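This report concerns only the one structure given below.
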Amino acid sequence: MPWFKGNTLFDSLDSLEIPKRPLDKPLRLPIQDVFKIGGIGTVPVECVIIVILRTGQVVTVTPAMITTECKSVEMHHEALTQAVPGDNAGLHLKGTSVKDIKREFVQGHSKQNSPHESESIQNQVIVMQYQIHILKQFS
Numbered sequence: 001m002p003w004f005k006g007n008t009l010f011d012s013l014d015s016l017e018i019p020k021r022p023l024d025k026p027l028r029l030p031i032q033d034v035f036k037i038g039g040i041g042t043v044p045v046e047c048v049i050i051v052i053l054r055t056g057q058v059v060t061v062t063p064a065m066i067t068t069e070c071k072s073v074e075m076h077h078e079a080l081t082q083a084v085p086g087d088n089a090g091l092h093l094k095g096t097s098v099k100d101i102k103r104e105f106v107q108g109h110s111k112q113n114s115p116h117e118s119e120s121i122q123n124q125v126i127v128m129q130y131q132i133h134i135l136k137q138f139s
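Using full-length UniProt numbering, the first residue of the sequence shown is number 1, and each one after it goes up by one.
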């Protein structure tokens with residue numbers, strides 16, 4: 001387009017810098033889905049947010065409080081030795097059942113700052129395009 005003088009979409013995307021993920025934080029893996037795969041067993045799928053998860057690590061699944069070993073890591077049907085921040089990976093967890101692990105559970109290191117349930121949480125929520133006034137104590 002001769003009238004457009006800016007960067008193309010691809011140039012703009014190529015100029016973005018990939019953010020550095022903190023590797024010194026506790027392991028947290030929010031579970032997105034859980035599958036039972038024949039010949040393998042229970043495989044929860046999660047997005048690795050921070051820290052690197054390696055095969056053989058012992059993890060705790062909260063709130064079920066199941067401590068188990070990560071037998072293998074896979075992504076897109078490819079076996080990996082580790083999952084790095086940003087990966088959507090499936091983990092084969094030793095001795096677990098699909099009934100024990102649910103979506104939205106969280107995995108973490110079993111010994112280093114393992115995840116736990118909170119008794120309370122305080123949030124600030126912004127609601128867009130709602131027709132009535134939202135006041136304190138609104139639910």
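C-beta atoms are modelled at their ideal positions from N, C-alpha and C, and glycine is treated no differently.
Because the structure is a prediction, the values reported are computed rather than measured.
- DSSP places Asp14 in the helix class (H, G or I) of the three-state scheme.
- Judged by DSSP secondary structure, Glu69 falls within the beta strand (DSSP E) whose first and last residues are 66-75.
- Leu53 sits in a strand when the DSSP states are folded into three classes.
- In the DSSP assignment, Asp33 falls within the unbroken beta strand (DSSP E) covering 29-37.
- Between Thr62 and Pro115, the C-beta gap is smaller than 7 Å, which places the two residues in contact.
- Straight across, the Cα-Cα distance linking Val127 with Gly56 is about 43 Å.
- Burial state of Glu104 is exposed, judged by a 10 Å Cβ sphere holding fewer than 16 other Cβ atoms.
- In terms of Cβ geometry, Val43 and His92 form a close pair [threshold 7 Å].
- With contacts defined as CB atoms closer than 7 Å, Val59 and Cys70 qualify as a contacting pair.
- The continuous beta strand (DSSP E) containing Pro44 extends over residues 41-47.
- Annotated three-state conformation of Leu135 is coil, per DSSP.
- The straight-line gap separating the alpha-carbon atoms of Trp3 and Gln131 is approximately 41 Å.
- By the Cβ test, the segment 94-104 is not in contact with the segment 6-25, since fewer than three Cβ pairs between them sit closer than 8 Å.
- Taken through DSSP and simplified to helix, strand or coil, Leu9 comes out as helix.
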